[in-house]
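Asks: Residue numbering for the sequence shown is 174 to 286, as defined by our numbering.
Just so it is clear, CB atoms sit at the ideal spot from N, CA and C, and this is done for glycine as well.
Computed from a predicted structure; not experimentally measured.
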Amino acid sequence: MGLVHIFGDKPVHRVLDFFRIHSFWDYSIKDVSGATNVSYRTLQGLIPELSKKGFLKYTRTEGKAKLYMFDKDSKIAAELHNFARHIDFEQSKPSKRKLVETSFIAGTKIHQR
Numbered sequence: 174m175g176l177v178h179i180f181g182d183k184p185v186h187r188v189l190d191f192f193r194i195h196s197f198w199d200y201s202i203k204d205v206s207g208a209t210n211v212s213y214r215t216l217q218g219l220i221p222e223l224s225k226k227g228f229l230k231y232t233r234t235e236g237k238a239k240l241y242m243f244d245k246d247s248k249i250a251a252e253l254h255n256f257a258r259h260i261d262f263e264q265s266k267p268s269k270r271k272l273v274e275t276s277f278i279a280g281t282k283i284h285q286r
């Protein structure tokens with residue numbers, strides 16, 4: 174789960190999820206394109222924009238390729254990461270409604286407090 178499951182399957186959500194999950198390494202635009210199925214051309218505009226806003230940071234150049242990584246030191250990036258983790262945690266909990274429906278079908282009683 175991640176931002177894609179919360180806000181929809183858009184390139185910006187895919188890219189932020191990718192960098193958030195793989196936050197210990199840096200990646201070129203070509204690497205990100207292959208991993209996220211977002212076109213190289215779209216990423217050429219999107220990644221520098223996310224870098225300006227503080228979600229990503231430029232780390233180094235390898236040949237002609239610029240490499241970027243998730244900016245863990247940025248307050249806005251840290252808040253986004255915490256938000257996505259919180260949502261993932263909440264959605265992983267079994268809901269009470271589902272539990273009641275399942276027990277009703279199975280013929281057992283559940284006492285809720």
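Taking only three categories from DSSP, how would you classify residue 230?
Replies: strand
Asks: Does the Cβ of residue 212 have 16 or more other Cβ atoms within 10 Å, making it buried, or fewer, making it exposed?
Replies: exposed
Asks: For residue 256, which three-state DSSP category applies?
Replies: helix
Asks: Using the Cα positions of residue 204 and residue 265, report the straight-line distance between them to the nearest angstrom.
Replies: About 30 angstroms.
Asks: For a test of the three-state rule: what should DSSP assign to residue 243, helix, strand or coil?
Replies: Here DSSP, grouped into helix, strand and coil, assigns residue 243 to strand.
Asks: Using DSSP with H/G/I as helix, E/B as strand and the rest coil, what is residue 212?
Replies: coil
Asks: Let me know the secondary structure DSSP gives residue 201 once reduced to three states.
Replies: strand
Asks: Who pairs with residue 238 in a beta bridge, going by DSSP?
Replies: 235
Asks: Could you have a look at residue 266 and say whether DSSP puts it in helix, strand or coil?
Replies: coil
Asks: Can you name, in chain order, every residue of its own chain whose Cβ lies under 8 angstroms from the Cβ of residue 188, other than the five neighbours on each side?
Replies: 205, 209, 211, 216, 219, 220, 223
Asks: For the alpha helix (DSSP H) containing residue 190, list its first residue and its last residue.
Replies: For residue 190, the enclosing alpha helix (DSSP H) begins and ends at 184 to 194.
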